[in-house]
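Chemist: Attaching a single structure in C-alpha cells format; questions to follow.
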Ligand SMILES: Cc1cc2nc3c(=O)[nH]c(=O)nc-3n(C[C@H](O)[C@H](O)[C@H](O)COP(=O)(O)OP(=O)(O)OC[C@H]3O[C@@H](n4cnc5c(N)ncnc54)[C@H](O)[C@@H]3O)c2cc1C
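In this note's numbering, the protein residues as written are 617 to 952.
Listed below in C-alpha cells is the structure:
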C-alpha cells in the first residue's frame, strides 16, 4: 500500500486475530465481538486474519469456527513464526492490498504496538491505539482512548479517508456479545513471499509467572505504593484473611520484591474479575485498571480524592489506609 496511490476500500472490516503456537490470544474474542457490532451497524462484512506458520494458522482457525465471520484468512509462511515485525509487515501488507478493508481492528497487545503503527504508516495512515469505547457518528467511527495515564479520555475520529487502523484495549470490550455462526466461515489461504528478515526473534517476553491463579479468586485485597513499606503488608494480609480474600498488588509492590510477581494485577500481570476488589493505596494507572476493571464490585481507599481509581470504583473512601484498614479489621473482628 502506498499513501500516494490509495486503493478504493471495500465494504469490509478486518480483524487481525493474534495467536501464539496456534492458541488464540485471550482478548481475541472480545476484539472480534466489538468489531462484529461495529461492522453490523455499518453494513460491513467482517473478516478475520490469522498470521503464523501453517500449523499455527490451521490450529487457530479451528478456534474461530463458531464465530460469525464472512471469511477467515490464513496468512501463512514459515518466516511468520516466531513473530518478527519485518516479516509480519510484509504479510499483513499483502493481505491489506488484497482485501482493502475500510476498518482494520487489532488487539492492543505488545505485538500490535510493535508492527501495527508501521503498517498504518505504510498506508499513509496512523493507528488509533488503546481504544476503550467506540460509537458511530454518521459514517465516522468515533474512538475513545485514554490519555495521560488514564487521567483523561479523548475522542478521536480519522480525518483521512479509510482505511482506519485501530487497536482495542484488552478488557475494554466484552466477549459476551460475540455472534456465533451456525456454520464455519469460509477459509482462504494467502502465502505471501517473505524474504529472509534482517532481525532474528529472541525469547518471547515472559509476563508474570502464575503460580497463583488470581483469576479464580472471589475476593481480592490489592495493595499499592500507598502501603509505603514491605512490613506494612501485614495489615493488608490480615484484612484479606478476615475477608477470605487473596492478596494482590500493583506492579511497584512486586517490582520491589515485597510480593511475588504472580500477585501482580494489570497489563503485565494477571487479569482478574472477582466479586470484590478492594484497592488500598493504588492510584489507578491504566496498566493496573485493565487487569481489574471487570471486577463486580470495586472498592478503593486512597487519600487523594482525585486518584483515577475512584473513576471506576463503586465504593470509595478518601482517607488514610493506615486508619481505615485497622477500622475495617476491627469491625470484622466484632462480627466474629
Ligand atoms: C509497560 C508497562 C506495564 C505496566 N504494567 C503494570 C501492571 O501490570 N500492573 C500495575 O499495577 N502497574 C503496571 N505498570 C505501572 C503503572 O503505570 C503504575 O506505575 C502503577 O500501577 C502504579 O502503582 P500504584 O498505584 O501502586 O502507585 P502510585 O501510582 O504511586 O499510587 C500510590 C497511591 O497511593 C495513595 N496513597 C499514598 N499513601 C496513602 C495512604 N496512607 N492511604 C491511602 N492512599 C495512599 C496515593 O494517593 C496514590 O494514589 C506498568 C507500566 C508500564 C509502563
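Even glycine gets a Cβ: it sits at the ideal position worked out from N, Cα and C.
Please classify residue 954 as buried or exposed, where buried requires at least 16 neighbouring CB atoms within 10 angstroms.
Modeler: Here the chain comprises residues numbered 617 to 952, so residue 954 is not present and cannot be evaluated.
Chemist: Nearer than 7 Å: is that true of the beta carbon of residue 677 relative to any heavy atom of ligand 1?
Modeler: Looking up residue 677 in the chain shown gives position 61. Flag unset: Cβ of residue 677 not near ligand 1.
Chemist: When every heavy atom of ligand 1 is checked, does at least one fall within less than 7 Å of the C-beta of residue 733?
Modeler: Start at 1 with the first residue of the chain shown, and residue 733 comes out as number 117. Residue 733: no, Cβ never under 7 Å from ligand 1.
Chemist: Please classify residue 769 as buried or exposed, where buried requires at least 16 other C-beta atoms within 10 Å of its C-beta.
Modeler: Taking the chain shown and counting its residues from 1, one reaches residue 769 at position 153. Exposed, because fewer than 16 other Cβ atoms sit within 10 Å of the Cβ of residue 769.
Chemist: Since residue 925 contacts residue 883 with CB under 8 Å, what's their CB separation in whole angstroms?
Modeler: Here residue 925 refers to the residue found at position 309 when the chain shown is read from its first residue. Here residue 883 refers to the residue found at position 267 when the chain shown is read from its first residue. No, residue 925 and residue 883 are not in contact; Cβ-Cβ is about 15 Å, not under 8 Å.
Chemist: Output needed for residue 691: all residues of its chain with C-beta closer than 6 Å, excluding positions within five of it in sequence on either side, in chain order.
Modeler: Indexing the chain shown from 1 puts residue 691 at position 75. The answer, listed in chain order, is 665, 667, 707, 711, 806.
Chemist: Using three-state DSSP, classify residue 738 as helix, strand or coil.
Modeler: For this step, residue 738 is matched to residue 122 along the chain shown. Reduced to three states, the DSSP call for residue 738 is helix.
Chemist: In or out: residue 726 buried (at least 16 other Cβ within 10 Å) or exposed?
Modeler: Along the chain shown, read from residue 1 onward, the residue named residue 726 stands at position 110. Exposed: under 16 other Cβ atoms inside 10 Å.
Chemist: Using DSSP's beta-bridge definition, name the partner residues of residue 762.
Modeler: Taking the chain shown and counting its residues from 1, the one referred to as residue 762 is at position 146. Per DSSP, 769.
Chemist: Are the beta-carbon atoms belonging to residue 906 and residue 786 less than 8 Å from one another?
Modeler: For this step, residue 906 is matched to residue 290 along the chain shown. For this step, residue 786 is matched to residue 170 along the chain shown. Yes.
Chemist: Tell me the DSSP secondary structure of residue 909 in three-state form.
Modeler: Your numbering for residue 909 matches position 293 in the chain shown. Residue 909 falls in the coil class under three-state DSSP.
Chemist: Could you give the uninterrupted runs of the beta strand (DSSP E) lying entirely in the segment 785 to 829, keeping only those of 3 residues or more?
Modeler: Taking only runs of at least 3 residues, the beta strand (DSSP E) segments lying wholly in the segment 785 to 829 are 803 to 806.
Chemist: Would you mind giving the Cβ-Cβ distance between residue 645 and residue 655, rounded to the nearest angstrom? I have them listed as a contact below 8 Å.
Modeler: As a first step, residue 645 is located in the chain shown; it is residue number 29 there, counting from the start. As a first step, residue 655 is located in the chain shown; it is residue number 39 there, counting from the start. Between residue 655 and residue 645 the Cβ distance is about 15 Å, and since that is not below 8 Å, they are no contact.
Chemist: Three or more C-beta pairs closer than 8 Å, one from the segment 672 to 684 and one from the segment 736 to 747: is that the case here?
Modeler: Segments in contact, no.
Chemist: Looking at C-beta atoms only, is the number of pairs between the segment 810 to 819 and the segment 688 to 705 that lie closer than 8 Å three or more?
Modeler: Judged by Cβ distances under 8 Å, the segment 810 to 819 makes contact with the segment 688 to 705, as three or more pairs qualify.
Chemist: Start and end of the beta strand (DSSP E) containing residue 863?
Modeler: Looking up residue 863 in the chain shown gives position 247. Residue 863 -> beta strand (DSSP E) spans 862 to 865.
Chemist: Cα-Cα, which of 833, 625, 801, 782 is closest to residue 716?
Modeler: Start at 1 with the first residue of the chain shown, and residue 716 comes out as number 100. Selected option, being the one with the closest Cα: 625.
Chemist: Between residue 727 and ligand 1, is the CB less than 7 Å from at least one heavy atom?
Modeler: The count along the chain shown starts at 1 and reaches residue 727 at position 111. No - ligand 1 has no heavy atom lying nearer than 7 Å to the Cβ of residue 727.
Chemist: What's the gap between the Cα of residue 873 and the Cα of residue 639?
Modeler: As a working note, residue 873 is residue 257 in the chain shown. As a working note, residue 639 is residue 23 in the chain shown. Going by the C-alpha atoms only, they are around 31 Å apart.
Chemist: Note down, one range per segment and in chain order, each beta strand (DSSP E) of at least 3 residues found wholly within the segment 666 to 723.
Modeler: Complete beta strand (DSSP E) runs here, min 3: 687 to 692, 719 to 723.
Chemist: Looking at the secondary structure, which residues open and close the alpha helix (DSSP H) in which residue 628 lies?
Modeler: Within the chain shown, residue 628 is the residue found at index 12, counting from 1. Taken as a continuous stretch (DSSP letters only), residue 628 belongs to no alpha helix (DSSP H), being part of the beta strand (DSSP E) at 628 to 632.
Chemist: Find out if the Cβ-Cβ distance for the pair residue 751, residue 758 is shorter than 8 Å.
Modeler: For the purposes of this step, residue 751 is taken as the residue at position 135 of the chain shown. For the purposes of this step, residue 758 is taken as the residue at position 142 of the chain shown. Going by C-beta atoms, residue 751 is nearer than 8 Å to residue 758.
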